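Peer 1: Protein sequence lines, in the order shown, are assigned to chains C and V.
Heads up, the numbering used here is the position in the first sequence plus 4, with the first residue counted as 1.
Heads up, the numbering used here is the position in the second sequence plus 1027, with the first residue counted as 1.
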Amino acid sequence: MIESAQIQRAIKIAEKRTGLNWSVFVGDLGADPRAEAIERHGALGAAAAASVLLAVDPNAHHLEIVTGSRARRRLDDRSCALAAASMAGTFAVRDLDGGIARGILALVEHVRRS
Amino acid sequence: MVTIRPANGRPGCEVGSRVEYRCAVTIRSAKRAAVRAGALAALTSVPLLAASSAFADSFQGEDAGPRLSVLETIGIFVGIPVGLFVLITVLVLLPGWVKGDQNRTEIGWDTQSAAKTKGAEPADAAGESEKAGAASSGTGGASGSW
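See the structure below:
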C-alpha cells in the first residue's frame, strides 16, 4: 500500500481523467528489471490490458513504465520515454514520491482520448 | 449648357420680358441639349416600341403554355438551385467522408482507421522502448535510470 498522499492524489487524478488503471510498484526489480516489471504488470490480471504500471527500483536506480495493450494505444511509448526521463531527473535529486507523482501526471497529459 | 450671367451683362437677352430673370440665362445651349436628348430618346425607343408591338399581337411559333402552380414555381426556382447546391456540396465532401480525416490518422488520433490503413499500431518510440515491445504481447512503456 502506498502511503504517500502525493502519489495517491496523482493516481486519483490519473484514473479520473483517463479511465485507465494506474499502478505503482516501488521495490526490488531484480537482474532483469524490464521482465520483472512486465511480470508484475501481467499479475494485474484482466485489468492489465488497460493498466499502466510504474515500477521503481530505488536501490538499482532504475525505473520501468509498462503499458498494457489497450493502454498503449492511448499512451504511446514516446510519451512514456519522456515521462521516464522526467522521473529519472527527479529521482536524481532524491525525491522519490515527487518523481512518481510528477511522472504519473506527465503521463496523464499524454493520454489520448479513447 | 446653361451659363448664368449678370442681368446687364449682354445686350439682346431676354431681360425685361414677361419672365423676370434676376440674371440673364443664355438659353441657346440649353435648348440644344434638350433637342439632343430628345433625339437620342426617340432613336433608341422607336425600335423597342416597334418590337414590343410586334410581339404583343402575334407570338409566332411559340406557346407560353399553361401557368405554373405555386408548387411548380417553388420547385423550379428554389428546389432546383438548392438541390444543385446540396449535390455539389456532397460531391466535394464525399472523398473526405470516405477516406476519413487523413491528418488525424497520420498523427495517430484515430487508431482504428490508422490500423485499417497502415495495418499497425501508432509508431513506437525508438531506443529505450524497443526492447519492451517484443517481450510480451502488446505491452509498451519505457525504462529509465539515474
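All residues carry an ideal CB built from backbone N, CA and C; glycine is no exception.
From a predicted model like this one, the values you see are computed outputs, not experimental measurements.
In the DSSP assignment, what are the bridge partners of C:N25?
Peer 2: BP columns for C:N25 point to C:S55.
Peer 1: Would you report the Cα separation of V:G1065 and V:A1091, rounded to the nearest angstrom?
Peer 2: Approximately 36 Å, taken between the alpha carbons.
Peer 1: At the level of alpha carbons, what is the spacing between C:D114 and V:G1102?
Peer 2: Here the sequence assigns His to residue 114 of chain C, which means Asp is not the residue at that position. C-alpha separation (whole angstroms): 54 Å.
Peer 1: Confirm, please, whether the CB-CB distance from C:A110 to C:L86 is below 9 Å.
Peer 2: In contact: C:L86 and C:A110 (Cβ atoms closer than 9 Å).
Peer 1: Does C:F29 have its Cβ less than 9 Å from a Cβ in chain V?
Peer 2: For C:F29, the answer is no, since every Cβ of chain V falls outside 9 Å of its Cβ.
Peer 1: Does C:A14 come within less than 9 Å of chain V when only Cβ atoms are used?
Peer 2: Chain V, which has no Cβ nearer than 9 Å to the Cβ of C:A14, makes this no.
Peer 1: Measure from the alpha carbon of C:T94 to the alpha carbon of each residue in V:F1104, V:W1173, V:A1069, then state which is nearest.
Peer 2: Selected option, being the one with the closest Cα: V:W1173.
Peer 1: Mind checking which residues open and close the alpha helix (DSSP H) that includes C:L109?
Peer 2: Element bounds for C:L109: 100 to 114.
Peer 1: Select from C:D61, C:L57, C:G23, C:E19 the residue whose C-alpha is nearest the C-alpha of C:P37.
Peer 2: Among C:D61, C:L57, C:G23, C:E19, the Cα nearest to that of C:P37 belongs to C:D61.
Peer 1: Taking 9 Å as the CB-CB cut-off, is C:A54 touching chain V?
Peer 2: No, its Cβ sits nowhere closer than 9 Å to a Cβ of chain V.
Peer 1: For C:A41, I'd like the list of residues in its chain whose CB is within less than 7 Å of its CB, leaving aside the five on either flank, ordered along the chain.
Peer 2: L33, L57, A59, E68, V70.
Peer 1: Between the C-alpha atoms of C:D80 and V:G1168, what's the straight-line distance to the nearest angstrom?
Peer 2: In a straight line, the C-alpha of C:D80 is about 7 Å away from that of V:G1168.
Peer 1: Is V:S1096 close to chain C, meaning its C-beta is less than 9 Å from at least one C-beta of that chain?
Peer 2: With 9 Å as the cut-off, V:S1096 does not count as an interface residue toward chain C.
Peer 1: Assuming C:L67 is part of the beta strand (DSSP E), what are its boundary residues?
Peer 2: Run containing C:L67: 66 to 71, per the beta strand (DSSP E) assignment.
Peer 1: I believe C:A52 touches C:G46 by the beta-carbon criterion, under 8 Å. Please report the beta-carbon distance rounded to the nearest angstrom.
Peer 2: Their Cβ separation, rounded to whole angstroms, is 6 Å, which keeps C:A52 and C:G46 in contact under 8 Å.
Peer 1: Which residues mark the beginning and the end of the alpha helix (DSSP H) in which C:S83 is found?
Peer 2: Unbroken alpha helix (DSSP H) run through C:S83: 81 to 96.
Peer 1: Of the residues that make up the segment 93 to 107 of chain C, which ones have a beta carbon closer than 8 Å to any beta carbon in chain V?
Peer 2: Those residues of the segment 93 to 107 of chain C that come within reach of chain V (Cβ to Cβ, closer than 8 Å) are G93, F95, A96.
Peer 1: Which class does C:S8 belong to by DSSP, given the choice of helix, strand or coil?
Peer 2: Note: C:S8 maps to coil in three-state DSSP.
Peer 1: Hey, could you find the ends of the beta strand (DSSP E) C:A41 is sitting in?
Peer 2: Taken as a continuous stretch (DSSP letters only), C:A41 belongs to no beta strand (DSSP E), being part of the alpha helix (DSSP H) at 37 to 46.
Peer 1: Using the beta-carbon of each residue, which ones in chain C are nearer than 8 Å to V:G1127?
Peer 2: The premise fails here: V:G1127 is roughly 16 Å from chain C at the closest Cβ pair, so nothing lies under 8 Å.
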